[in-house]
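Enquirer:
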């Protein structure tokens, strides 16, 4: 086996494997190194212990929730639901396996050498791999791409013990359901797990330090989601900080701090969903002289070049937002740049954020608050789903689509949605924004009827005071 | 990946270019977009930008050398990248092109031997390209209404936000370079143009006013006959000439007053010159006489919706006519600052090709010389050119008395296929009136 490559990608997550495939497409000799880490494997966290299995469980949750709450109304009997978390987890694992197998196939098809083991940079143009089940290898690389991803983060005092204090990795393979649990963190990971476990009959408390759920999204989304969650019985506590945890008590006692003072919550399980941190250790960064930023990412330019010539970094290690689709696109930009092309850099202001909780949330561009701060002459068009045909037929008519526009030039500054299947509407908003469509174009396109996307059209019309159905 | 640096074609007529200066040396690191060299085209000196990043590995064409368009002039590549194959290929190509080039050169020499010694050959060769460009522009404006503009016969690609911004800010999209995929004009490009002040078609005067539409007038039988007969009698462009004398007293007073008010000529402030008054007056008169702001086309006359004034600028070894765009939509001070800047760059040969092509009317001013009056040759496809002599004190009769006045004589050359004597005369009457009652011009 040749040990000399044009490109060696370290990491085969959604950033790394996409980068490897694009590089191979462009005729570069490519190798991709991936270790079977706790949260990784071919396909990275996303396919193994992140996006994909989480969505599989959320579908189980949605089905459970729907049958339980609406089965009879839909004319489906019997509606006495029993939960089998084990089966749900097994289903999610099968899906992960199928997709990671797909990556092996894609690597073969594109003649990418897949090296399983731990890779680290070992001098200029060299990657040392501790090969699993084999002898160490020294790969020569004209270009190195670091795509080592991220791991779960937690707070001091809340260290993972993988039993009583867990992260998303363990939550995706929970053998036994607790009777009550606390999810710490109201970002999209936290709200998704709160949804799953609530649907499976666990008594869930969702704790968020800031004043709304989904901080970073348009505030109205978080507020609407909190209302919806409270209605279905999730104990949502915003503006609440976790202080300490007594793990020895049975049940455990979690102390939290609110504006009113300290409170305690009894719980069987604590799920920490307070973000992730990039994996920078044991990659050989320091020896190679790769600079990092103050907030702990690898410093890169628009073409994803690090401070060292010939070394690129993509995905979660290359900065916020730590999202699979952002990483994949960085992988493409880096591969094309390595191949001597001049790719358009990734537009950071047009990356969708999506939460697959129920109702779903999706957001792209500036929030209403951010647009106002930036001094735009903001106009908001909001279309509620309460009387939306498709949402009503789905039995899921909570939420709204909100379009934020600049009145001066009609530019669509942001689109923020909460409701049935809105995750699928993010792309319409994104492509529209990428092509610099104004609200006029969103409104002028005859959206299929009845589809959820009509709500985007109506929001655009509403932003111009011309909504038809409100 | 190696990136070739080639002699780019920077104007439609450019066949070869001379390498004036390398801005960097072999071994220097280059980022994409960096200026690496300066080249001289048939019209101007222009910068060559790197199309890729890397190290300037090889300078193929030395300073002072002239090579045909498309020839390899340098190679940018990785530090240790093998560029030998690329150099060999380029050498082979250059060899082949060289043979061809010689053949072309020989042919040219022959032509030169037989053709007249003046420059009309060059002018004529420019004509088709220019006619093509104005045809493209014409359809651009026609199509703009339904949201799809045209440029060079293709679509003018611009995002809806870019279009809306350009509309609101009075910018002309066809003058903006697109940076999006496939050269699509996006918001950032319009923002850039707004910042740099380029491509402005409006200004204060534009607010509320609408641009005249381009108009094509089908030829009547009489007009066809006039065209045919006059062409037969007097070369490709049948010229006739109209002369008038203008009292410049009030215009010069206004100019002095204006300069005092705006601090003209002091640091940064534009100074309004006689030439600027002439540009303004011509623009205003052209709006009132659109039949002068026109071109002779194949079987039709084109009246232009925009007033783009060519300003003849003398160079040591020739002349060039930078174009002041949308002169009718600009105030006097703005005309002064833009014209000054254009003329300055014209003299330094720093004009982009689109800055000296496609005027709708031209002015040639020899007023700085002791020239009383002269006739200028029309620059096709324009239909007229105004030749301006010096302003001098002369005795004139006013109300039966002989008094001394500052007078200037202008002669307009007209293309008789487009303009008749009385039409031209009415234009000159308006032009003269503007300068003699300059406040009307500013209204």
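Residue numbers (the numbering used here), protein chains in the order written: chain A, -13 to 456; chain B, 15 to 457. We treat Cβ as the ideally placed atom computed from N, Cα and C, and that holds for glycine.
At the level of alpha carbons, what is the spacing between residue 72/B and residue 93/B?
Expert: Here residue 72/B corresponds to residue number 58 of the second chain, with the count starting at 1. Here residue 93/B corresponds to residue number 79 of the second chain, with the count starting at 1. Approximately 11 angstroms between the Cα atoms of the pair.
Enquirer: What residues of chain A sit near residue 46/B, judged by a beta carbon separation below 8 angstroms?
Expert: Counting from 1 along the second chain, the entry for residue 46/B is found at position 32. Those are 328, listed as they occur along chain A.
Enquirer: State the Cα-Cα distance for the pair residue 321/B and residue 338/B, rounded to the nearest angstrom.
Expert: Taking the first residue of the second chain as position 1, residue 321/B is located at position 307. Taking the first residue of the second chain as position 1, residue 338/B is located at position 324. Answer to the nearest angstrom: the Cα atoms are 9 angstroms apart.
Enquirer: Would you check if the distance between the CB atom of residue 383/B and the CB atom of residue 398/B is smaller than 8 angstroms?
Expert: Translated into the one-based positions of the second chain, residue 383/B becomes position 369. Translated into the one-based positions of the second chain, residue 398/B becomes position 384. Cβ distance not < 8 angstroms, so residue 383/B and residue 398/B don't count as in contact.
Enquirer: Using the C-alpha atoms, what's the distance from residue 87/B back to residue 19/B?
Expert: As a position in the second chain, residue 19/B is number 5, starting the count at 1. As a position in the second chain, residue 87/B is number 73, starting the count at 1. Taking the straight line joining both Cα atoms gives about 6 angstroms.
Enquirer: Return the chain-ordered list of same chain residues with a C-beta closer than 6 angstroms to the C-beta of residue 174/B, the five sequence neighbours on each side being excluded.
Expert: Along the second chain, read from residue 1 onward, the residue named residue 174/B stands at position 160. None.
Enquirer: Using a cut-off of 7 angstroms between C-beta atoms, extract the partners of residue 423/A located in chain B.
Expert: Sequence index remark: in the first chain, residue 423/A carries index 437 (1-based). Result: 174.
Enquirer: Helix, strand or coil: which one does DSSP assign to residue 346/A?
Expert: Within the first chain, numbered from 1, the residue matching residue 346/A stands at position 360. Note: residue 346/A maps to strand in three-state DSSP.
Enquirer: Below 8 angstroms on C-beta distance, what does residue 426/A contact in chain B?
Expert: Sequence index remark: in the first chain, residue 426/A carries index 440 (1-based). Correct list: 174.
Enquirer: Pull out every residue of the region 63 to 85 of chain B whose Cβ sits closer than 7 angstroms to any Cβ of chain A, in chain order.
Expert: Listed by position along the chain: 66.
Enquirer: I'd like to know whether the C-beta of residue 312/A is nearer than 8 angstroms to at least one C-beta of chain B.
Expert: For the purposes of this step, residue 312/A is taken as the residue at position 326 of the first chain. Not one chain B Cβ lies under 8 angstroms of residue 312/A.
Enquirer: Which residues in chain A sit within 7 angstroms of residue 348/B, going by Cβ to Cβ distance?
Expert: Translated into positions along the second chain, residue 348/B becomes position 334. Here the premise fails: no neighbours, minimum Cβ distance about 24 angstroms.
Enquirer: In this structure, how does DSSP classify residue 335/A when only helix, strand and coil are distinguished?
Expert: Within the first chain, numbered from 1, the residue matching residue 335/A stands at position 349. Helix at residue 335/A.
Enquirer: Would residue 292/A pass as an interface residue toward chain B - the criterion being a Cβ-Cβ separation below 8 angstroms?
Expert: Taking the first residue of the first chain as position 1, residue 292/A is located at position 306. False, the Cβ-Cβ gap to chain B never drops below 8 angstroms.
Enquirer: So which of 251/A, 106/A, 257/A and 40/A has the shortest CA-CA distance to residue 485/A?
Expert: With chain A represented from -13 up to 456, any question about residue 485/A goes unanswered, as that position is not in the structure.
Enquirer: My assumption, with CB atoms under 8 angstroms, is that residue 305/A sits in contact with residue 134/A. Please give the rounded CB distance.
Expert: Here the question's residue 305/A lines up with position 319 in the first chain. Here the question's residue 134/A lines up with position 148 in the first chain. Contact flag wrong, Cβ pair sits at about 14 angstroms.
Enquirer: May I ask you to report which of helix, strand or coil DSSP gives residue 327/A?
Expert: In the first chain, residue 327/A corresponds to position 341, counting from 1. Note: residue 327/A maps to coil in three-state DSSP.
Enquirer: Buried or exposed: residue 371/B, going by 16 or more other Cβ atoms within 10 Å of its Cβ?
Expert: Within the second chain, residue 371/B is the residue found at index 357, counting from 1. Looking at its Cβ environment, which holds 16 or more other Cβ atoms inside 10 Å, residue 371/B is buried.
Enquirer: Grab me the residues of residue 74/A's own chain with a C-beta within less than 7 angstroms of its C-beta, minus the 5 sequence neighbours each way, in chain order.
Expert: Taking the first residue of the first chain as 1, we reach residue 74/A at position 88. For residue 74/A, where only same-chain residues beyond five positions count, the Cβ hits under 7 angstroms are 43 and 46.
Enquirer: Using C-beta distances below 7 angstroms, list every residue in its chain close to residue 260/A, excluding the 5 sequence neighbours before and after it, in chain order.
Expert: Here residue 260/A refers to the residue found at position 274 of the first chain. Excluding sequence neighbours, residue 260/A sits near 139, 140, 141, 170 and 171.
Enquirer: Residue 287/B by DSSP, collapsed to three states: which one?
Expert: Counting from 1 along the second chain, the entry for residue 287/B is found at position 273. The answer is coil: DSSP assigns residue 287/B none of H, G, I, E or B.
Enquirer: Considering only the alpha carbon of each residue, which of 344/B, 105/B, 396/B and 78/B lies closest to residue 84/B?
Expert: Position 70 of the second chain holds residue 84/B. Of the candidates 344/B, 105/B, 396/B and 78/B, the one whose C-alpha sits nearest the C-alpha of residue 84/B is 105/B.
Enquirer: Pick out whichever of 35/A, 398/A, 184/A and 131/A has its Cα sitting closest to the Cα of residue 289/A.
Expert: What you label residue 289/A is simply residue 303 of the first chain in a count that begins at 1. Residue 289/A has its Cα closest to that of 131/A, out of 35/A, 398/A, 184/A and 131/A.
Enquirer: Contact defined as beta carbons within less than 8 angstroms: I believe residue 62/A pairs with residue 53/A. What is the distance between those atoms, to the nearest angstrom?
Expert: Locating residue 62/A in the first chain gives position 76, counting from the first residue. Locating residue 53/A in the first chain gives position 67, counting from the first residue. The Cβ separation is near 7 angstroms, so the contact holds.
Enquirer: Rounded to whole angstroms, what's the CA-CA distance from residue 407/B to residue 310/B? Just pull it up for me.
Expert: As a working note, residue 407/B is residue 393 in the second chain. As a working note, residue 310/B is residue 296 in the second chain. Straight-line Cα distance between these residues: approximately 38 angstroms.
Enquirer: Comparing the C-beta of residue 201/B with each C-beta of chain A, is any distance below 8 angstroms?
Expert: Indexing the second chain from 1 puts residue 201/B at position 187. Chain A contact via Cβ: present.
Enquirer: So with Cβ pairs under 8 angstroms, would you call residue 171/B a contact of chain A?
Expert: Position 157 of the second chain, counting from 1, holds the residue named residue 171/B. Not closer than 8 angstroms to any Cβ of chain A, the Cβ of residue 171/B fails to qualify, so no.
Enquirer: Could you work out which residues of chain A lie near residue 182/B, taking near to mean beta carbons separated by less than 8 angstroms?
Expert: One-based indexing of the second chain puts residue 182/B at position 168. 394 and 395, listed in chain order.
Enquirer: Quick check: is the beta carbon of residue 195/B nearer than 8 angstroms to any beta carbon in chain A?
Expert: As a working note, residue 195/B is residue 181 in the second chain. Yes, residue 195/B lies at the interface with chain A (some Cβ there is under 8 angstroms from its Cβ).
Enquirer: Answer yes if the region 342 to 361 of chain B comes into contact with the region 287 to 298 of chain B, meaning at least three C-beta pairs across the two stretches below 8 angstroms, and no otherwise.
Expert: With the cut-off at 8 angstroms, the region 287 to 298 of chain B and the region 342 to 361 of chain B touch.
Enquirer: Looking at the secondary structure, which residues open and close the alpha helix (DSSP H) in which residue 449/A lies?
Expert: Here residue 449/A refers to the residue found at position 463 when the first chain is read from its first residue. Where residue 449/A is concerned, the enclosing alpha helix (DSSP H) stretches over 440 to 449.
Enquirer: Since I believe residue 17/B is in contact with residue 66/B (beta carbons under 8 angstroms), could you give me their beta-carbon distance rounded to a whole number of angstroms?
Expert: Sequence index remark: in the second chain, residue 66/B carries index 52 (1-based). Sequence index remark: in the second chain, residue 17/B carries index 3 (1-based). Right, the Cβ-Cβ distance comes to about 3 angstroms (below 8 angstroms), so this counts as a contact.
Enquirer: Go ahead and pull the three-state DSSP assignment for residue 203/A.
Expert: Taking the first chain and counting its residues from 1, the one referred to as residue 203/A is at position 217. Looking at residue 203/A - three-state DSSP - the assignment turns out to be strand.
Enquirer: State buried or exposed for residue 223/A, treating a residue as buried only when at least 16 other CB atoms are found within 10 Å of its CB.
Expert: Position 237 of the first chain, counting from 1, holds the residue named residue 223/A. Per the 10 Å Cβ criterion, buried.
Enquirer: Within the continuous alpha helix (DSSP H) that includes residue 17/A, where are the two ends?
Expert: Along the first chain, one-based indexing puts residue 17/A at 31. Note, residue 17/A: premise wrong, no alpha helix (DSSP H); beta strand (DSSP E) at 16 to 20.
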